[in-house]
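Protein chains in written order, with this note's numbering: chain G, 1 to 159; chain V, 1001 to 1178; chain S, 2001 to 2387.
Don't be surprised by glycine CBs; every beta carbon is placed ideally from N, CA and C.
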Amino acid sequence: MTFLEKQTDPTTPMHWNGDMQADYFYSNGVAGDKFFKHLMKKDTFLASECPKCGVIFIPPRLYCEDCFCDIPDENWMEVKSQGIIRANTTAMIDAHGDPLEEPVIMALIDIDETDGAMLGRVKTEILDMDLCGLTVKAVLRPKNEREGTMKDILYYEPY
Amino acid sequence: MAKKIEGSPGYAPGTRVSTKDIVQKKISYSWWEPEVQYSWSMGQAMSKFIMGLKDGKILGRTCIKCDRVLVPPRMFCEYCYGPTDNWIELKDTGSIETYSISYLDSDARRIKDPILIGVISIDGASPQHGFMHYFGEMTKEEIHIGMKVKAVWKAPKDREGAITDIKYFKPLKGGGKK
Amino acid sequence: MNDVAVIGAGMTVFQRRLKETGKELSYLATKMALEEAGITKKDIDMVVMGSAPDAFDGIHQKGENLLDGAAGAGKPYVRVFNGGGTGVFAPIAGWWHVASGVADIALVVCEEKMGNCYPHPQTAFRHIWDPILDRPLAPNLVWLFAMEMNRYMTKYNIKKEDIARVAVKNKRNAVGHPCAQLPDEKITIEDVLNSEMMAWPVQRLDISPPSDGASALIFCSKDKVRQFTDDPVWVDGVGWNIDSTMWTNRDLSFPRYVANAARMAYKMAGIHNPRKEIDFAEPYDPFDYKELHHMEGLLLCNKGEAPILTREGVTERDGNMPMCPSGGLMGVGNPIAATMGQKICELYWQLAGKAGKRQIPTDPQVGVGQAWGDIMQMATVAVLRRG
């Protein structure tokens, strides 16, 4: 099917501009609430271990996605907020495409004593682009400033 | 978990959160304010329709095969699925197809003075062909389905090429009473 | 085409806001359905997720976000979505996974978290309107339904009190539902008629509440069903249909797309006279008038007749043609896609005789469930039968 009328005026068609404004509240969830409330008081992380397959989840979960069973309270454990970089990248531009004042290193960090990993910012003087295998620990906000979100983890640094 | 009851569902899992729980920070949560901007192409038919409004005209499009006069206009007929045929200028009058008296704004916030809103079937278009708009110069007691109405336009210098170049529809003289 | 049975269902509590994440809710509903069916995750061949606009949860591509809670990890998994129609469309998709023979056991999970969207879920609804013609008028979605309700009332000369009866009936029916958000044993027609005016003719108690929640359903092929039950509930027919997007060019007094979807489902189910052959229904009731509108669309009575039958008590749980014995969206809550819990899980529970306090006393054999969505244009229908 072709339209019978040809478009000859380059100033049309026109555009209409707008946005999709809405704000969002995300409950951290039952497992997430426990994790973040712990993080507000302590400098360690919480993890949870599946009673069937033994996988240790971090961030901790209420259930095991494979065995599809509950993870009871007694299977929750405290682990150190440190780990080894599994993968990293260095961002030179921000989300709008503008250059950053200083490059930002983001890394996926395998958390010690668990089978999981956390995404976080890394601050280091090491200029190597590949930081895999580097041991890092979390630097948290001062306790009185923590709000119970991922922002409480400021960054990770080598130790 | 709630205690087991007779029948299914046998229990009702889930943890209620009240506004108080949030305000008093009894639960931890995250917050996001997305900022995304869009530019929607109006396309061929809607661009011409909107430019027509800027000129103070309501434009329709004919489908000869289906014997329809389409408002809002489109370049294809969604029923016979062929291209539409001609542009046609319609009157800026019509009748109220349906309406509501709204005490809610677009975010569901309560407002004191209600908005009169509805669908106008435009004169000269096929039956029930028209668009949504506001009503004015009538009370919520006077408004009714079938009421004859006429567009009230913004002054030409204030028009920007938008559906809001029509301010609202008012009762057509002699057609405003029940 | 293979015959398809339902062998388990589950749902979470429905509330304005729940602490659980969408994944956690999906897990809780799925776990209940697995328990009822007596199976585990490894027995599931394929998973269908149903969830309405991403703009409610505020997570784009939320099907992927939800999948680990929906037993989808490592499985063939797909999300389907058609707005308010999703609550019945997701089970239709689950049905065709099994009917086609590609799966023996299919799990369907539906989830919605409307409490995430601020300041109100209406803010997300704002983005479903046409950005050029409608949005500059700053519309509220309630306007749409107010305009449709007005058209329906005016065309068939229906009194508001006859519409209010639906709200009363469904909120009372919901008293027997453990997951219900707004059950009310004592509500009266006067309460509805005296409630706050939102957008005339829609008042506060004419509307179902926005909610968080999840539901789940498990389908099984005829070949395997005897392993699980001697008294299966079958899916006999499914139908879906959508009308033109140009909603200002349609007569809103009758939902012809619902009738089209119903005819498709009835034909598949071999139903020639739905009024006689169908024992009860779960028509979609996000607003009280919608139950009436959909009863007519489902061809269960004449146009304009639903309010009269409601007044006569025909649609009560112990009437000749019970409507929304679950308590519907009006009483149990309206987490869009998760209303599969009232519309299809309830059909299963009623037909299997498992509905407890909500059980229809007349031993129903055939039920029809329906959902409705988008800009008053989408209808999804399923017919379930006992034995």
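Buried or exposed (CB count within 10 angstroms, at least 16 for buried), residue i
i	result
P2274/S	buried
L119/G	exposed
D1113/V	exposed
K1003/V	Annotation note: pLDDT 46 at K1003/V (below 50); position unreliable, coordinate value reported separately. K1003/V comes out exposed.
V1023/V	exposed
G2010/S	buried
M1051/V	buried
K2160/S	buried
R2386/S	buried
Y1011/V	buried
K1178/V	Caution applies to K1178/V, whose pLDDT of 48 falls short of 50 and renders its modelled position unreliable; the model cannot decide the point.
L2384/S	buried
V2238/S	buried
H2294/S	buried
W2247/S	buried
E2282/S	buried
Q2377/S	buried
G1958/S	Limits of chain S in this structure are 2001 at one end and 2387 at the other, which puts residue 1958/S out of reach.
S2326/S	buried
V2168/S	buried
Alpha carbon of residue i to alpha carbon of residue j, nearest angstrom
i	j	result
G2331/S	I1122/V	40 Å
M2323/S	V2233/S	19 Å
S1100/V	R2151/S	10 Å
I153/G	N2116/S	24 Å
W16/G	M1042/V	7 Å
H2120/S	V1036/V	19 Å
T8/G	T2/G	15 Å
M1046/V	M14/G	9 Å
Q1040/V	Y155/G	Checking the displayed sequence, the identity of residue 1040/V turns out to be Trp instead of Gln. Rounded to the nearest angstrom, the two C-alpha atoms are 39 Å apart.
E2196/S	R1110/V	10 Å
N2249/S	V1071/V	8 Å
D2104/S	I1027/V	42 Å
I1145/V	T1098/V	5 Å
P2136/S	K1167/V	11 Å
I1088/V	G1060/V	5 Å
S980/V	D2212/S	Residue 980/V is absent from the model: chain V starts at 1001 and stops at 1178.
E49/G	R146/G	26 Å
S1008/V	D110/G	43 Å
A1984/S	P2286/S	Any question about residue 1984/S goes unanswered here, given that chain S covers just 2001 to 2387.
S2208/S	I1058/V	38 Å
M1001/V	E74/G	Any reading at M1001/V needs caution, since the residue's pLDDT is 39, under 50, leaving its predicted position unreliable; the model's value is listed next. Going by the C-alpha atoms only, they are around 17 Å apart.
W2095/S	G1130/V	39 Å
Distance CB(residue i)-CB(residue j) smaller than 9 Å
i	j	result
I2189/S	A2164/S	yes
V2080/S	V2048/S	yes
L62/G	I56/G	no
A31/G	E2024/S	yes
I93/G	L108/G	no
A2071/S	G2373/S	no
I2187/S	V2108/S	no
P2139/S	G18/G	no
F35/G	V79/G	no
G2069/S	I2336/S	no
I1096/V	V1119/V	yes
Q2390/S	L2347/S	Residue 2390/S lies beyond the residue range present for chain S, which begins at 2001 and ends at 2387; the question has no answer from this structure.
G2087/S	I2059/S	no
Sheet register partners of residue i (DSSP bridge)
i	result
L46/G	E78/G
F57/G	S48/G
P158/G	V136/G
F2014/S	Answer is none; F2014/S lacks a bridge partner.
C2220/S	A2005/S, I2105/S
G1010/V	For G1010/V, which the question treats as bridged, DSSP gives no partner whatsoever.
H1129/V	DSSP, once it has assigned bridges, lists no residue as partnering H1129/V.
A2371/S	T2380/S
R2358/S	Answer is none; R2358/S lacks a bridge partner.
W2240/S	T2380/S
S2215/S	M2011/S, C2110/S
Closer than 8 Å: residue i CB and nearest the ligand SAH heavy atom
i	result
T1015/V	Absence of the ligand SAH is noted for the structure shown, with no ligands found whatsoever.
(message) Quick check on the DSSP output: what are the complete beta strand (DSSP E) runs of length 3 or more inside the region 66–113 of chain G, in order along the chain?
(response) 76–79, 82–93, 99–111
(request) Let me know the beta strand (DSSP E) ranges lying completely inside the region 1047–1073 of chain V, each 3 residues or longer, listed in chain order. (result) 1058–1063, 1068–1070
(request) Ignoring anything shorter than 4 residues or poking outside the region 2295–2344 of chain S, list the alpha helix (DSSP H) runs there in chain order. (result) 2306–2311, 2328–2332
(message) Ignoring anything shorter than 3 residues, give me the beta strand (DSSP E) runs that lie fully in the region 2038–2074 of chain S, in order along the chain.
(response) 2046–2050
(request) With a floor of 4 residues, list each alpha helix (DSSP H) that falls wholly inside the region 2121–2186 of chain S, ordered by position along the chain. (result) 2122–2125, 2141–2156, 2160–2173
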